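Numbering (the numbering used here), first residue to last: 642 to 1117.
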Ligand SMILES: *Cc1c(COP(=O)(O)O)cnc(C)c1O
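If you want it as C-alpha cells, here you go:
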C-alpha cells in the first residue's frame, strides 16, 4: 500500500527540489557556455526501445536520475545554437512560476478555483489589448495554444456573423472564411472542425513576399456569394509561420468592415510586434480586428502553452459558447471572472502566472526588448547570408524567421534541393545546431527561427561556416 504521508512529505520534496534546481542550473550554465549540444538526435525507434526498457525494468532510483536522463535526451532550447521551431526559450523565472502553478493546481474555469488566475488574466489581457490599439474596455481570455485560440475566435465569429443561430440549429447556410494560402494550418483545421468543408475555406493567393493579395478579395467574395456561400470571417496572418510575412492588416480591415465580415488576426508568433516601438508598423491595422490571437509561449519567453485571445468588444466572447452548466455557473451573467463560460477548456491551467511573474520581475520593457532583439537578429543574419556568395536568402526577413539555402557555386535547381536536404540532415545528426526547413515554391530552404536572445553573430557565423565546410563534401 502506498504510503501517502511519505508521498506528500514536505522534507522529501524539499531535498528533491534542491537537487533538481542544481541539475537545471548546471544545464543552463552548460547551454550558455556552449558545451551543451542543441540536440543529441536519436531515431524514433531507438528512443522508443530505450524508454520501453526503462519502463519494463523499474529500478527504484532517485528521481533525479530520471530527470537527468530526460534532460540528456531532450532538445536543448536554451542553447544559443538552437534556431529551430518557434517555441519560447523559457526565462528561468517563468519556470519557477510554472512549478508553483503546478503544485497549486488552481484552475481558471471559475473564480473560486482560481482567484489569482481570473484577476491576472483580466489585467494582462486588458494591458495587452491596449497595446494592440483596442479600446480601453477591451480584454480577452487565456487559452491553451494558438491553435485552440484561433478555433475559439472562429467560433465567436460564427456565433456573431452567421445568418443562423448555428449553436442550436447547426450549420444551415453554407458558410465560408477567407484566409491566405500561406496561413498556419490551424485555421484550415478550425474551419473543417466547424463543418465548413474544403469549399468553405477560400484560400487567397499571396504575392512574392507571401502576403495575402488583398486586391483579389472583392472578386473572391463575389464568387463565393454567387455560389450561395456566406463569408463570415477573414483571417489575417501576423505573421505567417513559414516565412514570417505580415499580411496588410489595414487593407483586410477595410474589406472586412465594408462587407460586414469578422476580422481575425492570427498573431500567434508576430502579434508581439505591437509591443515594440521599432516594429509595431508591421501590425498596422491590427487595432481594427474583432479578435487577435497572440502566443506568450513563442516570442515572450514563457513555457508552453499560454495564449491570449483578445476581443475588441469583450462582450463578443460571451457568445462563443452559449451553454449552461448549473453545477459550475450560478447564472448566465456576463461576468468577467468565471472564464470557463468563454473558454473551450473546462479545467484550465493558470499559465498567466508565468507571464505575470516575468513582468513583475523585469518590467514591461522585457517584452519590447525581446521582440527588438530577436527581430534585429533576423536582419543581422540576413545581411551575413547576403554577404556570403555560397548562400542565398529566400526573401528579406521582416522578423526573426529567416529562410536561406546553400548554393555553393550554383548547381542545378534539383541538385540544390537534394543538397540542402542533406545539409539539414547533417546539421541534425551533428547536433551542435538545430535548424529546420521549409519548401517555398518547390525550393527547399533551411529555416531558422531565432528565439534565443543569447544567440549572437558568433553562433550564426559558425552555422554558416559549418555548412560551407560540410556541403562541398556531400554527394548527391
Ligand atoms: C505557431 C502558430 C500557430 C499555432 O499555435 P500553437 O500555439 O502552436 O497552437 C498558429 N498560427 C501561427 C501563425 C503560428 O505561428
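Every residue, glycine too, gets a C-beta built ideally from N, C-alpha and C. Keep in mind the model is a prediction, meaning the values are calculated, not measured.
Secondary structure of residue i, DSSP reduced to three states
i            : result
residue 821  : strand
residue 873  : strand
residue 936  : strand
residue 659  : helix
residue 773  : coil
residue 707  : helix
residue 789  : helix
residue 816  : strand
residue 1111 : helix
residue 699  : coil
residue 650  : coil
residue 943  : coil
residue 918  : coil
residue 643  : coil
residue 958  : helix
residue 806  : coil
residue 975  : coil
residue 1050 : coil
residue 683  : coil
residue 895  : helix
residue 800  : helix
residue 674  : helix
residue 1055 : helix
residue 693  : helix
residue 718  : coil
residue 1093 : coil
residue 912  : helix
residue 980  : helix
residue 925  : coil
residue 1116 : coil
residue 1040 : coil
Anticipated Cβ contact below 8 angstroms, residue i with residue j, distance rounded
i            : j            : result
residue 886  : residue 1039 : 7 angstroms
residue 878  : residue 821  : 6 angstroms
residue 1022 : residue 1033 : Not a contact, Cβ separation roughly 13 angstroms.
residue 906  : residue 943  : So it is not a contact: roughly 20 angstroms between Cβ atoms.
residue 1100 : residue 721  : 5 angstroms
residue 947  : residue 783  : 6 angstroms
Residue i - partner residues in DSSP beta bridges
i            : result
residue 1077 : 1088
residue 952  : 780, 932
residue 1045 : 1034, 1087
residue 887  : 879
residue 795  : Paired residues: none, contrary to the question.
residue 903  : 874
residue 712  : Answer is none; residue 712 lacks a bridge partner.
Using 8 angstroms as the cut-off, can you tell me whether the segment 716-735 makes contact with the segment 1082-1096, which would need three or more C-beta pairs spanning the two stretches below that distance?
Touching, yes.
Determine, using beta-carbon pairs with one atom in the segment 953-964 and one in the segment 759-779, whether at least three such pairs fall under 8 angstroms.
In short, these stretches touch, since the Cβ pair count reaches three.
For the segment 802-811 against the segment 863-883, do three or more pairs of beta-carbon atoms, one drawn from each stretch, fall closer than 8 angstroms, so that the two count as touching?
The segment 802-811 is in contact with the segment 863-883.
Contact the segment 734-749 vs the segment 1100-1115: 3+ CB pairs below 8 angstroms
Flag = no, the segment 734-749 and the segment 1100-1115 do not touch.
Please give the ranges of any alpha helix (DSSP H) in the segment 722-766, keeping only runs that are unbroken, at least 4 residues long and fully inside the region.
With a minimum length of 4 residues, the unbroken runs of alpha helix (DSSP H) contained wholly in the segment 722-766 fall at 733-745.
Minimum length 4: unbroken alpha helix (DSSP H) runs contained in the segment 825-878
Considered as a whole, the segment 825-878 harbours 826-834, 858-867 as its complete alpha helix (DSSP H) runs of no fewer than 4 residues, in chain order.
Looking at C-beta atoms only, is the number of pairs between the segment 807-820 and the segment 851-870 that lie closer than 8 angstroms three or more?
Proximity of the segment 807-820 to the segment 851-870 meets the contact definition, three or more beta-carbon pairs being nearer than 8 angstroms.
Counting beta carbon pairs with one atom in the segment 821-841 and one in the segment 783-791, are three or more of them shorter than 8 angstroms?
Enough Cβ pairs lie closer than 8 angstroms, so yes.
Is there contact here, the segment 742-760 with the segment 992-1010, by at least three beta-carbon pairs under 8 angstroms?
Contact between the segment 742-760 and the segment 992-1010 is present, with at least three C-beta pairs closer than 8 angstroms.
The segment 690-703 in contact with the segment 1050-1060 per 3-pair CB rule at 8 angstroms:
No contact exists between the segment 690-703 and the segment 1050-1060.
Would you call the segment 749-765 and the segment 975-983 touching, i.e. three or more CB-CB distances under 8 angstroms?
By the Cβ rule, the segment 749-765 counts as touching the segment 975-983, because three or more pairs are nearer than 8 angstroms.
Under 8 angstroms, with one C-beta from each stretch per pair, do the segment 926-942 and the segment 706-715 reach the 3-pair mark?
Cβ pair count under 8 angstroms is below three, so no.
Per the contact definition of three or more C-beta pairs closer than 8 angstroms, is the segment 901-920 in contact with the segment 701-709?
The segment 701-709 is not in contact with the segment 901-920.
Stretch-stretch touch, CB-based, cutoff 8 angstroms, three pairs: the segment 850-866 with the segment 1009-1026:
With a cut-off of 8 angstroms on Cβ pairs, the segment 850-866 is not in contact with the segment 1009-1026, counting fewer than three such pairs.
I'd like the ranges of any alpha helix (DSSP H) spanning at least 4 consecutive residues and lying wholly in the segment 987-1038.
Uninterrupted alpha helix (DSSP H) stretches at least 4 residues long and entirely within the segment 987-1038 occur at 993-1003, 1006-1028, given in chain order.
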